[in-house]
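Peer 1:
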Amino acid sequence: MKAKPIIYSSLLIIALALFSYKTDKKAPAPEKQQWAIVIHGGAGGMTRENLAPEVEKEYRASMLIALNKGKKILADGGSALDAVEQTIRTMEDNPLFNAGKGAVFTHDGRNELDAAIMDGSNLAAGAVAGVMDIKNPITAARRVMTNSPHVMLAGAGASQFAKEQGLEIVPPSYFYTEKRFKELQEILKNDKHGTVGCCALDINGNLAAGTSTGGMADKRYNRIGDSPIIGAGTYANNNTCAVSGTGHGEYFIRWTVAHDISALMEYKGLSLKEASDLVVNDKLVKAGGSGGVICVDKSGNISMPFNSSGMFRAYATADGKEGVFVYKDEEGRQ
Ligand code: ASP
771 MKAKPIIYSS LLIIALALFS YKTDKKAPAP EKQQWAIVIH GGAGGMTREN
821 LAPEVEKEYR ASMLIALNKG KKILADGGSA LDAVEQTIRT MEDNPLFNAG
871 KGAVFTHDGR NELDAAIMDG SNLAAGAVAG VMDIKNPITA ARRVMTNSPH
921 VMLAGAGASQ FAKEQGLEIV PPSYFYTEKR FKELQEILKN DKHGTVGCCA
971 LDINGNLAAG TSTGGMADKR YNRIGDSPII GAGTYANNNT CAVSGTGHGE
1021 YFIRWTVAHD ISALMEYKGL SLKEASDLVV NDKLVKAGGS GGVICVDKSG
1071 NISMPFNSSG MFRAYATADG KEGVFVYKDE EGRQ
C-alpha cells in the first residue's frame, strides 16, 4: 500500500521529463533574419498589344536595376528606410519613370513633383509637394522627416528647405524630356500614370514605404496627388505593413487607400493579401479609381494588386524569390 505514492511520484517525474523533452524538441528554431523589398514603376493602360517589346524590355531592365539597389542594402543589413530612399532615387534619375527626371508635364507645360517617405518603426513621415527644382524629391522628403518639425513642405518653401539641407537643386529645364512633352501635346488620356514606389522590410523587422511622382499628366493649378499624402499613397507601420500606391490620386486620397489596407489588418485581422485585394480590387473598383499598390507586411509577405491592365512591379525576398512583372496575366507567377 505504501508503495503507491512512490510509484505515482516516479510516474509523475517520468511524465514531466518526457514532456520537457518533447517541448525541447518543439522549441522553434531561431527565426531566420529576413528582408523583403517590392517596387512599382506605375500602373496604367499597358498591354502586350500597346507596349512595344523594346520599351517593355527597357522597363524590365530598369526595374531590375532599382530592385538590385535596394536588395543589396537590405541583404547587407541596411535599413528599410535606406533601401526605400536609394531604390527610389535610382528610379527618379531614370527618365523612363514618371518621377524625378522623367516627370510628366502639367497642363501649363511645367513639372511639379511630389514625394513621401514613412518609417514604420515610429510612424515618422516626411513629404514634399509641388516642387520644381529638387533633383531627388524622395531625399528631400526624408530630410523633412528627420531634419524638420514638419511632415509636409510644399512649393517654394520645400525648395528653400532642400537648398538649406545641401540637396542637389536643378533648373526646371532638367525635367524636360522630349517624350513627356510630346505626351502632353498629344494629351494621351489613357497613359497618365507612371509613379514610382518602394516598400521594404529590413532584418531588424522595420518597415518603410516611399513614393515619388510627377503626378498625373496634364494636371492643373498646383494640383497635389496622393503620393505625398500619408495614408493615401504612402503608409508604413511596423505592426501591419508598408504600402505605396499608384493610380488616380483623387481616388486614393478620398479612399485613404494605403492606411485602409493597414487598418483592415490591424482592426479586422485580415492578411496583407486579403486587405490589399479588398481595397484595390473591390473598394477602388466600385469607386471607379484605377491603379494599384505594392505592399509588404511585417513577416515579409508581399502583395501587388492592381485593377488597371498593367503595373510595372518587382519584388525580392531573403529566401531567394524574386521577379519583375508588367501585365495582368503574369499575376499567377508572383
Ligand atoms: N498617383 C499619382 C497621382 O495621382 C499618379 C500615378 O500614380 O501615376 O499623382
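Under our numbering, the letters of the sequence shown match residues 771 to 1104, in that order.
We put the CB at the ideal spot given by N, CA and C, even for glycine.
Since the model is a prediction, treat every value here as computed from it, not as a measurement.
1) Ends of the beta strand (DSSP E) at Gly-723?
2) Is the Cβ-Cβ distance between Ile-807 and Gly-847 less than 8 Å?
3) Suppose you measure from the CA of Tyr-1005 to the CA of Lys-952; what does that come to, to the nearest Å?
4) What is the rounded straight-line gap between the Cα of Glu-1044 and the Cα of Val-1050?
5) Ordered along the chain, which non-local residues of its own chain (more than five positions away) have a Cβ less than 7 Å from that of Asp-878?
6) So for Asp-884, helix, strand or coil by DSSP?
7) Taking 7 Å as the line, does the beta carbon of His-1018 fall inside it for any heavy atom of the ligand ASP?
8) Kindly list the residues whose CB is nearer than 7 Å to the CB of Tyr-891, restricted to its own chain and excluding five residues on each side of it in sequence; keep chain order.
9) When DSSP labels each residue in this structure, what does Tyr-1128 get in the three-state scheme?
10) Looking at Asp-988 and the ligand COA, is the gap between the Cβ and the nearest heavy atom below 7 Å?
11) Is Ser-997 near the ligand ASP, with its Cβ less than 7 Å from a heavy atom?
12) With H, G and I counted as helix, E and B as strand and the rest as coil, what does DSSP make of Ile-904?
13) Between the Cα of Asp-903 and those of Ala-895, Leu-837, Gln-930, Phe-867, spot the shortest distance and give me the residue it belongs to.
14) Given this structure, state the Cα-to-Cα distance separating Met-1035 from Asp-996, to the nearest angstrom.
15) Answer yes or no: the CB of Phe-875 versus the heavy atoms of the ligand ASP, is any distance below 7 Å?
16) Checking 8 Å against the spacing of the C-beta atoms, do Thr-860 and Ile-843 come in under that value?
17) Pick out the complete alpha helix (DSSP H) segments inside the region 822 to 900, 4 residues or longer, and give them in chain order.
18) Helix, strand or coil: how does DSSP classify Ile-973 here?
19) Please find out if some non-hydrogen atom of the ligand ASP comes closer than 7 Å to the beta-carbon of Thr-983.
20) Can you find at least 3 beta carbon pairs, one from the region 919 to 938 and one from the region 1063 to 1074, that sit closer than 8 Å?
21) Quick check on the DSSP output: the beta strand (DSSP E) that includes Arg-1083 runs from which residue to which?
22) Suppose the cutoff is 6 Å on Cβ atoms and the five residues either side in sequence are ignored; what does the same chain contact list for Lys-905 look like?
23) Assuming contact is defined by CB atoms lying nearer than 8 Å, are Gly-964 and Phe-867 in contact in what I supplied?
24) When the Cα of Val-1096 is compared with those of Ala-1088, Thr-1087, Asp-1089, Phe-1076, which residue comes out closest?
25) Can you look up Glu-1092 in the DSSP assignment and give me helix, strand or coil?
26) Are there any heavy atoms of the ligand ASP lying less than 7 Å away from the beta-carbon of Phe-1022, as far as the coordinates show?
27) Going by the C-beta, is Gly-1061 closer than 7 Å to any heavy atom of the ligand ASP?
28) Could you check if Ser-943 is buried or exposed, using at least 16 other CB atoms within 10 Å of its CB as the buried criterion?
29) Counting C-beta neighbours from all protein chains within 10 Å, is the total for Lys-949 16 or more, i.e. buried, or is it exposed?
30) Compute the distance between the beta-carbons of Asp-889 and Leu-923, then report whether it is under 8 Å.
31) Does any heavy atom of the ligand ASP sit closer than 7 Å to the C-beta of Thr-965?
32) Going by alpha carbons, who is nearest to Ala-932 out of Ala-970, Val-921, Leu-1040, Arg-913?
33) Our contact map puts Ile-1031 next to Val-1063 with C-beta atoms below 8 Å; I'd like the distance itself, whole angstroms only.
34) Would you report the Cα separation of Gly-900 and Thr-817, rounded to the nearest angstrom?
35) Less than 8 Å separating the beta-carbons of Ser-1078 and Ala-813?
36) Beta-carbon within less than 8 Å of Leu-958's beta-carbon, same chain only, minus the 5 sequence neighbours each way: which residues are those?
Peer 2: Short version:
1) In the structure as shown, the chain begins at 771 and stops at 1104. Residue 723 is therefore absent and cannot be evaluated.
2) Residue numbering aside, residue 807 sits at position 37 when the sequence shown is read from its first letter. Residue numbering aside, residue 847 sits at position 77 when the sequence shown is read from its first letter. No. Outside cutoff.
3) As a position in the sequence shown, residue 1005 is number 235, starting the count at 1. As a position in the sequence shown, residue 952 is number 182, starting the count at 1. For Tyr-1005 and Lys-952, the distance between alpha carbons rounds to 33 Å.
4) In the sequence shown, residue 1044 corresponds to position 274, counting from 1. In the sequence shown, residue 1050 corresponds to position 280, counting from 1. Each residue's Cα considered, the two are about 10 Å apart.
5) On the sequence shown, position 108 is the one that residue 878 refers to. Answer for Asp-878: no residue qualifies.
6) Locating residue 884 in the sequence shown gives position 114, counting from the first residue. Note: Asp-884 maps to strand in three-state DSSP.
7) Residue numbering aside, residue 1018 sits at position 248 when the sequence shown is read from its first letter. Of the heavy atoms belonging to the ligand ASP, at least one sits nearer than 7 Å to the Cβ of His-1018.
8) Along the sequence shown, read from residue 1 onward, the residue named residue 891 stands at position 121. A quick correction: the sequence has Ser, not Tyr, at residue 891. Cβ neighbours of Ser-891 beyond the five flanking positions: Asn-976, Asn-1008.
9) Because the chain in this structure spans residues 771 to 1104, residue 1128 falls outside the shown range and cannot be described.
10) As for the ligand COA, it is missing from this structure, which binds only the ligand ASP.
11) Residue mapping note: residue 997 aligns to position 227 of the sequence shown, counting from 1. Correct: Ser-997 has its Cβ closer than 7 Å to the ligand ASP.
12) Your numbering for residue 904 matches position 134 in the sequence shown. Secondary structure at Ile-904: strand, using DSSP grouped into helix, strand and coil.
13) Here the question's residue 903 lines up with position 133 in the sequence shown. Measuring from the Cα of Asp-903, the nearest candidate turns out to be Gln-930.
14) One-based indexing of the sequence shown puts residue 1035 at position 265. One-based indexing of the sequence shown puts residue 996 at position 226. Their backbone Cα atoms lie some 21 Å apart in a straight line.
15) Taking the sequence shown and counting its residues from 1, one reaches residue 875 at position 105. Proximity of the beta carbon of Phe-875 to the ligand ASP is not indicated: no heavy atom of the ligand is located closer than 7 Å.
16) Residue mapping note: residue 860 aligns to position 90 of the sequence shown, counting from 1. Residue mapping note: residue 843 aligns to position 73 of the sequence shown, counting from 1. Result no, Cβ atoms of Thr-860 and Ile-843 do not sit closer than 8 Å.
17) Taken in chain order, the unbroken stretches of alpha helix (DSSP H) that lie wholly in the region 822 to 900 and span 4 residues or more are 823 to 845, 850 to 862.
18) In the sequence shown, residue 973 corresponds to position 203, counting from 1. Judged by DSSP in its simplified three-state form, Ile-973 adopts coil rather than helix or strand.
19) Within the sequence shown, the letter at position 213 stands for residue 983. Yes, the Cβ of Thr-983 comes within 7 Å of a heavy atom of the ligand ASP.
20) Flag = no, the region 919 to 938 and the region 1063 to 1074 do not touch.
21) What you label residue 1083 is simply residue 313 of the sequence shown in a count that begins at 1. Run containing Arg-1083: 1080 to 1087, per the beta strand (DSSP E) assignment.
22) Your numbering for residue 905 matches position 135 in the sequence shown. These residues qualify, in order along the chain: Glu-938, Val-940.
23) What you label residue 964 is simply residue 194 of the sequence shown in a count that begins at 1. What you label residue 867 is simply residue 97 of the sequence shown in a count that begins at 1. At a Cβ-Cβ threshold of 8 Å, Gly-964 and Phe-867 count as neighbours.
24) Residue 1096 sits at position 326 when you count from the first residue of the sequence shown. For Val-1096, the closest C-alpha among the options Ala-1088, Thr-1087, Asp-1089, Phe-1076 is that of Phe-1076.
25) As a working note, residue 1092 is residue 322 in the sequence shown. Of the three classes helix, strand and coil, the one that applies to Glu-1092 here is strand, per DSSP.
26) Counting from one through the sequence shown, the residue named residue 1022 turns up at place 252. Residue side-chain check: Phe-1022 places its Cβ nearer than 7 Å to a non-hydrogen atom of the ligand ASP.
27) Residue 1061 sits at position 291 when you count from the first residue of the sequence shown. Gly-1061: yes, Cβ under 7 Å from the ligand ASP.
28) In the sequence shown, residue 943 corresponds to position 173, counting from 1. With fewer than 16 other Cβ atoms within 10 Å, it is exposed.
29) Working through the sequence shown from its first residue, we reach residue 949 at position 179. With fewer than 16 other Cβ atoms inside 10 Å of its own Cβ, Lys-949 counts as exposed.
30) Within the sequence shown, the letter at position 119 stands for residue 889. Within the sequence shown, the letter at position 153 stands for residue 923. No, Cβ-Cβ distance for Asp-889 and Leu-923 is not below 8 Å.
31) To locate residue 965, count along the sequence shown from 1; it is residue 195. At least one heavy atom of the ligand ASP is nearer than 7 Å to the Cβ of Thr-965, so yes.
32) Taking the sequence shown and counting its residues from 1, the one referred to as residue 932 is at position 162. When each option's Cα is compared against that of Ala-932, the closest is Arg-913.
33) Residue 1031 sits at position 261 when you count from the first residue of the sequence shown. Residue 1063 sits at position 293 when you count from the first residue of the sequence shown. Contact holds; Cβ gap of about 7 Å.
34) As a working note, residue 900 is residue 130 in the sequence shown. As a working note, residue 817 is residue 47 in the sequence shown. For Gly-900 and Thr-817, the gap between their C-alpha atoms comes out near 30 Å.
35) As a working note, residue 1078 is residue 308 in the sequence shown. As a working note, residue 813 is residue 43 in the sequence shown. Yes; because the gap between Cβ atoms is below 8 Å, this pair is in contact.
36) If you number the sequence shown from 1, residue 958 lands on position 188. Low confidence applies to Leu-958: its pLDDT is 45, below 50, so where it sits in the model is not reliable, and the reading given next is rough at best. Closer than 8 Å at Cβ, skipping near neighbours: Ala-987.
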